[in-house]
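Asker:
Numbering (the numbering used here), first residue to last: 5 to 350.
1) Do residue 187 and residue 144 have their C-beta atoms closer together than 7 angstroms?
2) Whole angstroms are fine: how far does the CA of residue 236 sit from the CA of residue 14?
3) Between which two residues does the alpha helix (DSSP H) harbouring residue 126 extend?
4) Alpha carbon to alpha carbon, how far is residue 227 from residue 245? Give it in angstroms, no decimals.
5) Does the beta-carbon of residue 49 have 16 or more other beta-carbons within 10 angstroms, so that it is buried, or is it exposed?
6) Take residue 103 and list the residues in its own chain whose beta-carbon comes closer than 7 angstroms to its own, dropping the five residues that flank it on each side.
7) Between the region 218 to 227 and the region 192 to 206, do at least 3 Cβ pairs fall closer than 8 angstroms?
8) Using the Cβ count rule (16 or more neighbours within 10 Å means buried), how would you classify residue 128?
9) Mind checking residue 107: buried by the 16 CB within 10 Å criterion, or exposed?
10) So residue 66 and residue 315 are in contact, right, with Cβ under 8 angstroms, and what is the actual spacing, rounded?
11) Cα separation between residue 63 and residue 148?
12) Work out the CA separation of residue 285 and residue 242 for me, nearest whole Å.
13) Using the Cα positions of residue 278 and residue 185, report the straight-line distance between them to the nearest angstrom.
14) If we call anything under 7 angstroms between Cβ atoms a contact, is residue 253 one with residue 112?
15) Using 8 angstroms as the cut-off, can you tell me whether the region 113 to 127 makes contact with the region 55 to 62, which would need three or more C-beta pairs spanning the two stretches below that distance?
16) Would you identify the three-state DSSP class for residue 44, choosing helix, strand or coil?
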């Protein structure tokens with residue numbers, strides 16, 4: 005890849021990066037102090053590839069993927085909100101998963117799409133911090149949401165008679181609120197640490213978005229402590245959430261084996277098959293990405309893995325949870341039926 009070095013200039017616009025609570029909490033003065041500590045006022049994103057002949061085809065492909073992501077996740081949210089048959093703990097969690105997928109995809113995709121067609125692929129210092137903070141918030145939230153959904157499936161299969169009592173509205177809200185709050189705090193902590201480092205002259209981020217490790221590679225400060233903290237928190241978040249998932253599924257499989265009829269076993273397993281598929285895809289890519297030694301994974305390889313979980317996973321999740329789900333299909337038919345029979349909404 006071409007070696008591009010850019011002199012520091014004035015901060016550019018936010019370039020389509022959305023507001024996010026993870027960085028809003030820092031306040032304007034904190035951002036100004038971060039920028040003042042660094043001679044770099046904007047960064048240049050290298051993108052997925054520097055081949056000019058691939059920019060337009062990639063733009064079309066990723067635009068289509070992003071539009072499908074938005075449409076399908078908004079569709080899931082609409083169905084769960086509008087159809088009373090889906091007002092249950094399982095679909096409460098699914099609605100938040102769709103919201104998180106929509107958010108963390110939207111943090112990355114608009115700027116990535118704009119850069120495919122832009123001659124100057126820059127992002128301001130502040131916008132880069134906002135993008136990193138928002139992305140970390142929603143990605144960590146998804147880890148623990150999937151863990152909460154695994155616990156929900158455990159209760160549904162292992163204690164079906166007590167399901168409504170255990171998974172009360174209060175418990176469901178807590179299982180969603182805690183991941184949001186924890187993720188916000190962790191994302192804020194890591195974003196503050198990263199952007200309090202000094203960036204002297206090199207400003208080319210070898211990635212298609214502002215990710216932590218490529219940013220650390222540009223810093224002229226000592227980043228050893230920050231790198232250790234990055235891997236410690238990444239390992240802690242994945243291990244803790246994955247342990248909840250694994251323990252839940254151990255009890256689920258034991259409960260399924262105790263069911264005598266094959267039909268009953270199939271019905272019980274089908275209730276958690278979609279979640280198990282989503283968990284395998286999401287955690288598989290994250291483990292491959294973050295728990296390898298830095299020397300064993302090149303930046304080009306990390307871009308490919310990042311495309312998978314940043315762009316493709318948010319698109320795939322609505323399909324995974326709806327294609328074989330009779331309740332979601334039924335809700336869709338009912339809503340479409342209402343529109344056909346009563347197009348005026350009267």
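In this text, a Cβ means the ideal position worked out from N, Cα and C, and glycines have one as well.
Answerer: Taking the structure as given:
1) yes
2) Unreliable placement is indicated for residue 14, whose pLDDT of 38 sits below 50; no coordinate value is reported for it.
3) No alpha helix (DSSP H) contains residue 126, which is instead part of the beta strand (DSSP E) from 126 to 128.
4) 27 angstroms
5) buried
6) 81
7) yes
8) buried
9) buried
10) 6 angstroms
11) 32 angstroms
12) 13 angstroms
13) 26 angstroms
14) No. Outside cutoff.
15) yes
16) coil
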